[in-house]
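Under UniProt numbering, the first residue of the sequence shown is numbered 1, with each subsequent residue one higher.
What follows is a short report on a single structure.
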Amino acid sequence: MDRLTGWVAKAALVFLYVPIVAVVVYSFNASETSSRWGGFSVKWYGEVFTDRALLKTLQTSFTVGAIAAAVATTVGFLTAFGLARYRVKGRTLFLGAVLLPLVLPEIVLGAALLTVFSTVQLPLGIPTIVLGHIVISLPLTTLILMGAISSLDSSLSEASADLGCTPWQTFIRVLFPLLRSSIFAAFLLAFTTSFSNIVISTFTSGVGSTTLPLRIYSLLKTGITPEINALGAMLIVATVLLIFAVGIQQMRRILVGYENAGQSS
Numbered sequence: 001m002d003r004l005t006g007w008v009a010k011a012a013l014v015f016l017y018v019p020i021v022a023v024v025v026y027s028f029n030a031s032e033t034s035s036r037w038g039g040f041s042v043k044w045y046g047e048v049f050t051d052r053a054l055l056k057t058l059q060t061s062f063t064v065g066a067i068a069a070a071v072a073t074t075v076g077f078l079t080a081f082g083l084a085r086y087r088v089k090g091r092t093l094f095l096g097a098v099l100l101p102l103v104l105p106e107i108v109l110g111a112a113l114l115t116v117f118s119t120v121q122l123p124l125g126i127p128t129i130v131l132g133h134i135v136i137s138l139p140l141t142t143l144i145l146m147g148a149i150s151s152l153d154s155s156l157s158e159a160s161a162d163l164g165c166t167p168w169q170t171f172i173r174v175l176f177p178l179l180r181s182s183i184f185a186a187f188l189l190a191f192t193t194s195f196s197n198i199v200i201s202t203f204t205s206g207v208g209s210t211t212l213p214l215r216i217y218s219l220l221k222t223g224i225t226p227e228i229n230a231l232g233a234m235l236i237v238a239t240v241l242l243i244f245a246v247g248i249q250q251m252r253r254i255l256v257g258y259e260n261a262g263q264s265s
């Protein structure tokens, strides 16, 4: 049974990582099509930086993702803090309303958002994309931060108040340092969700507000080119570097905590 579990785990890893490796390998393909190998070349990386249309969609995705993630994380934190710390009437109903976008099909949600924007005569563009991405990111940030806030000892706030701290000082000096990693994780998840979204973006984007996934999808109709692979490879490298940076930072905090514990003992 253990051997079977091991083989299943290895097969799952291969299934997950082979496409990523293929994207990186074929980004160095000298051929103009990914269907055949034409030798080693890095010219497609240069093509990415000269493709103004592609760079514009990349900038749009970063802008939308950053704004949507920041708003979703902020509102999610306030929502999670209120739901975790206060037992108010209708709490379960309100939480269900916040988490509803998680269970609704995105195509239904996108059509509903388009109907609302059309009804209020809001022109489709970056603001409507941001609003749509906030809707799908807010449940994720709320869940992450609710778990983090619920795990905190409520006596910390009481002890801080006894020492003369105001609620704002308690948040800045006590709660925020403890929740910083969870807030950052919620922001990254919201940003990733927004950056890679295509369904909601399809319904809420307008002229001049095409995101990177929509641009790539339109290019796929004529076939995958090594230029798309090169862009994908750069995004993969950026993601890996970010993961390593966060991991190193967390490791430093753990080591500092061990050193402090050793000195106190």
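Quick reminder that beta carbons are idealized off the backbone N, C-alpha and C, glycines included.
Keep in mind it's a predicted model, so treat the numbers as computed, not measured.
**Prompt:** Relative to the alpha-carbon of L95, which residue among T57, F117, P139 and L122 has its alpha-carbon at the smallest distance?
**Reply:** Start at 1 with the first residue of the sequence shown, and residue 95 comes out as number 95. Checking every option, the nearest Cα to that of L95 belongs to P139.
**Prompt:** Going along the chain, which unbroken runs of the alpha helix (DSSP H) with 4 or more residues stay wholly within the region 51-86?
**Reply:** As far as the region 51-86 is concerned, its whole alpha helix (DSSP H) runs of at least 4 residues are 52-85.
**Request:** Let me know if L102 comes out buried or exposed under the rule of 16 or more other beta-carbons within 10 Å of its beta-carbon.
**Result:** Translated into positions along the sequence shown, residue 102 becomes position 102. The residue is exposed, with fewer than 16 neighbouring Cβ atoms inside 10 Å.
**Message:** Only counting the same chain, and skipping five residues up and downstream in sequence, which positions put a Cβ closer than 7 Å to that of S150?
**Reply:** Against the sequence shown, residue 150 aligns to sequence position 150. Here the set comprises A84.
**Prompt:** Which residues in the same chain have their Cβ closer than 6 Å to the Cβ of G110, if we skip the five residues on either side of it in sequence?
**Reply:** If you number the sequence shown from 1, residue 110 lands on position 110. Residues of the same chain with a CB within less than 6 Å of the CB of G110, apart from the 5 flanking positions on each side, are V199, I200 and F203 in chain order.
**Asked** Which residue comes first and which comes last in the alpha helix (DSSP H) that contains W168?
**Response** Counting from one through the sequence shown, the residue named residue 168 turns up at place 168. P167 to T170 is the span of the alpha helix (DSSP H), which, as asked, contains W168.
**Request:** May I have a chain-ordered list of the alpha helix (DSSP H) segments no shorter than 4 residues that lie completely inside the region 123-176?
**Result:** With a minimum length of 4 residues, the continuous alpha helix (DSSP H) runs that stay inside the region 123-176 are 126-150, 155-162 and 167-170.
**Asked** If you follow the alpha helix (DSSP H) that G96 is part of, which residue opens it and which one closes it?
**Response** For the purposes of this step, residue 96 is identified with residue 96 of the sequence shown, where counting begins at 1. Note, G96: alpha helix (DSSP H), R91 to V103.
**Message:** Please list the terminal residues of the continuous alpha helix (DSSP H) segment that includes F28.
**Reply:** Here residue 28 is taken as the residue at index 28 of the sequence shown, counted from 1. Membership of F28 in any alpha helix (DSSP H) is not indicated, and neither H nor E is assigned to it by DSSP.
**Message:** By the three-class DSSP mapping on this structure, what secondary structure does Y258 have?
**Reply:** Residue numbering aside, residue 258 sits at position 258 when the sequence shown is read from its first letter. Because Y258 sits at a pLDDT of 45, beneath the cut-off of 50, its placement in the model cannot be relied upon, and the following sentence gives the value as read from the coordinates. Note: Y258 maps to helix in three-state DSSP.
**Asked** Can the beta-carbon of M146 be found less than 7 Å from the beta-carbon of A80?
**Response** As a first step, residue 146 must be located in the sequence shown, where it is residue number 146. As a first step, residue 80 must be located in the sequence shown, where it is residue number 80. In this structure, A80 lies closer than 7 Å to M146 by Cβ.
**Prompt:** Residue range of the alpha helix (DSSP H) that I216 falls in?
**Reply:** Locating residue 216 in the sequence shown gives position 216, counting from the first residue. Residues L212 to L220.
**Prompt:** Would V130 pass as a contact of A186 if the rule is Cβ separation under 7 Å?
**Reply:** Along the sequence shown, read from residue 1 onward, the residue named residue 130 stands at position 130. Along the sequence shown, read from residue 1 onward, the residue named residue 186 stands at position 186. Taking 7 Å as the Cβ cut-off, V130 and A186 do not qualify as a contacting pair.
**Asked** DSSP puts F184 in a beta bridge; with which residues?
**Response** Taking the sequence shown and counting its residues from 1, the one referred to as residue 184 is at position 184. Its beta-bridge partners do not exist; DSSP assigns none.
**Message:** Per DSSP, what are the beta-bridge partners of F195 in this structure?
**Reply:** Along the sequence shown, one-based indexing puts residue 195 at 195. The bridge partners DSSP lists for F195 come to none.
**Prompt:** When the distance is taken between beta carbons, is I126 closer than 7 Å to S209?
**Reply:** Within the sequence shown, the letter at position 209 stands for residue 209. Within the sequence shown, the letter at position 126 stands for residue 126. With contacts defined as CB atoms closer than 7 Å, S209 and I126 qualify as a contacting pair.
**Request:** For A159, count neighbouring C-beta atoms within 10 Å of its own C-beta (all shown protein chains included) and say buried if the count is 16 or more, exposed if not.
**Result:** Sequence index remark: in the sequence shown, residue 159 carries index 159 (1-based). Flag for A159 reads exposed.
**Message:** Within 10 Å of its beta-carbon, does residue 285 have 16 or more other beta-carbons around it, so buried, or fewer, so exposed?
**Reply:** Because the chain here runs from 1 to 265, residue 285 falls outside it and cannot be looked at.
**Message:** Measuring alpha carbon to alpha carbon, tell me which residue in A190, F40, A233 and L231 is nearest G65.
**Reply:** Counting from one through the sequence shown, the residue named residue 65 turns up at place 65. Checking every option, the nearest Cα to that of G65 belongs to A190.
**Request:** Would you mind giving the Cβ-Cβ distance between I136 and N197, rounded to the nearest angstrom? I have them listed as a contact below 8 Å.
**Result:** By one-based count along the sequence shown, residue 136 stands at place 136. By one-based count along the sequence shown, residue 197 stands at place 197. That pair is a contact at about 7 Å.
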